[in-house]
Every structure is written in C-alpha cells, then in structure tokens.
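Encoded as structure tokens, the structure appears first; notes follow it.
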Amino acid sequence: MIKLIIQITKVIITVITVLLLQSCVNVEWNSETISGNGKVVTVNRTIAEKFNSVSVQTGLNVIIEQANTVNIEVQADDNLQDHIFTTVKDGVLEVYSDVNIKNAEAKNIYIKTSNLEEIRSSSGANVKSDNKLEFKNLELHSSSGSTILVEVDSDILSCESSSGSSLEVKGKANILNTESSSGSNINLENLIAQNGKSSSSSGSSTTLNVVNQLKADASSGSSIEFISKPNSLIVDKSSGGSVSQK
Numbered sequence: 173m174i175k176l177i178i179q180i181t182k183v184i185i186t187v188i189t190v191l192l193l194q195s196c197v198n199v200e201w202n203s204e205t206i207s208g209n210g211k212v213v214t215v216n217r218t219i220a221e222k223f224n225s226v227s228v229q230t231g232l233n234v235i236i237e238q239a240n241t242v243n244i245e246v247q248a249d250d251n252l253q254d255h256i257f258t259t260v261k262d263g264v265l266e267v268y269s270d271v272n273i274k275n276a277e278a279k280n281i282y283i284k285t286s287n288l289e290e291i292r293s294s295s296g297a298n299v300k301s302d303n304k305l306e307f308k309n310l311e312l313h314s315s316s317g318s319t320i321l322v323e324v325d326s327d328i329l330s331c332e333s334s335s336g337s338s339l340e341v342k343g344k345a346n347i348l349n350t351e352s353s354s355g356s357n358i359n360l361e362n363l364i365a366q367n368g369k370s371s372s373s374s375g376s377s378t379t380l381n382v383v384n385q386l387k388a389d390a391s392s393g394s395s396i397e398f399i400s401k402p403n404s405l406i407v408d409k410s411s412g413g414s415v416s417q418k
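When the sequence shown is numbered by the numbering used here, its final residue is 418 and no position is left out of the sequence of numbers.
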C-alpha cells in the first residue's frame, strides 16, 4: 500500500512538473521560431575572456572535452549561426540561442578547455563529455528538462537536478553530494564514490554507488537507491520518501 501511494505521488508530481516545465520553457525561450536550412557549417568562435563555468540553454547540444588549449566550435545550419551565442560573463561561458530552433540539421557546440568548476544545463539543453573530465572540484546542475551525461574523475563532485531534468555521471569521486527535486533524475550507478550525501524530494529519484559512508534523506514521494550497501548508512525518510538497495 505504501509503495502504491509513493508511485501515485510520483506520477502526480511528474505531471505537474511537466506542465510547469512547458510553461517555463515557453516563457523563457524566444517566441520567434527558425528552421535550419540544412546547410551545416562549422565556425570557430574566438573567446578572449577566461571562464571556469559553462551554462547551456535553449535546446542546444554541447560536447565538452578536457584539453590543454581552449577552443570553441559551433556546428550548425548556416542560417542559425548568428542566433547561437557563446559569450563569457563573470567567468561563465554562456551558450544559448535567441530564437526557438526547429528542424535543425545540427546545433552542436564543441568546447575544449583545461579546467571547469561548474556545468549548468537548462531549457531542454543537452551536455555530454567527449572524454573523461579530470576536474578536481566539479558542480553539475541540470534543470527544466535538460540533460547532462558526463564521465568524471573528481575529488569533490556535486550533482543537482530539478524540474524534470536528467543527470547521469560515470567515473569516480572521493566526496559526493547530490540533490534532486521536482520529478528529476540523478543516475550515478556507474560512479564510484567513497563518501556521499544525498537528498531527494518532490517525486525525484537518485541512484548512487557509495563505498564508505552514505547519508540519505528522501521526502515527498522521492526515492534514493544505492547499488551496494556502504560501510555506514544513515537514513532519514519522510512524506513517502524511500531509501533502499537497488
């Protein structure tokens, strides 16, 4: 009976999240819609300012590669190039479009950089890594139906998802912190962490793999699952939240 209530709660929260997400996306995205012309070109973007964070929005696809040099290339239909922006503001590389892109042959941004401290995705954007990102301290944030799919090797890794977004990471980390909410999903099944702290709420779900100590707090119809039982497990559950071994 309890499991049924949890599942019903998740469905209700997910439906509400999707409706709110659609409303937010319609407001946030420019009302103008442009279709790609099918003629794909690749343009190198010159960035003079330094950045340690990347923020991706408006349904664009970003591929991040750790490299010794900084390089940014935009691969897109040529009539879309002027509508895709790659600008640095306060140390953040902002990648976004000023129009709603429809039926594009390509809308890919390739980013090479030696170090990042933060990666953010929102408004249906997609971010993935082209190689293992060996960044010492890394924060990952996904929201508004966006996705992040990366491989990392970090000392401290923080993952936060909300509003129906999805975040999947593989690799390893010494210290792991996660926070999921509003029907979102964090999948760290293939990330081995030594110690972790996980919080989930509002119908969201988190899967993780912690070796030593795990502190898990699940509430409001959300769930936290761990692959193998850690040496020390501290659990706090409320309002239909669940913490269990997968």
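Beta carbons: idealized from backbone N, C-alpha and C, even for Gly.
Residue burial is scored here from C-beta neighbours: K279 has at least 16 other C-beta atoms within 10 angstroms and is therefore classed as buried.
S315 places its beta carbon 7 Å or farther from that of S301. Considering only G317, I206, I347, the residue with the shortest C-alpha distance to A365 is I347.
Of all alpha-carbon atoms in S391, S411, G208, S225, the one lying nearest the alpha-carbon of F307 is that of S225. Taken atom to atom, the span from the alpha-carbon of S404 to that of N349 is near 16 Å.
If you look at D325, you'll find it in the beta strand (DSSP E) that goes 319-333. Ranking L288, V260, S414 by CA distance to the CA of R217 puts V260 first. If you check the CB distance, N275 and G355 do not come in under 7 Å. For S353, the CB contacts under 6 Å within the same chain, skipping 5 residues up- and downstream, are S334, S373, S374, S376 in chain order. DSSP assignment within the stretch 332-395 yields the following whole beta strand (DSSP E) runs of 3 residues or more, N-terminal first: 338-352, 357-372, 377-391.
In this structure, the straight-line span from the alpha carbon of S295 to that of E204 is close to 16 Å. In this chain, L288 is not harboured by any beta strand (DSSP E), its DSSP state being neither H nor E.
Within its own chain, the residues whose Cβ lies closer than 6 Å to the Cβ of S293, once the five positions on either side in sequence are excluded, are V228, V299, S314, S318, I320, listed in chain order.
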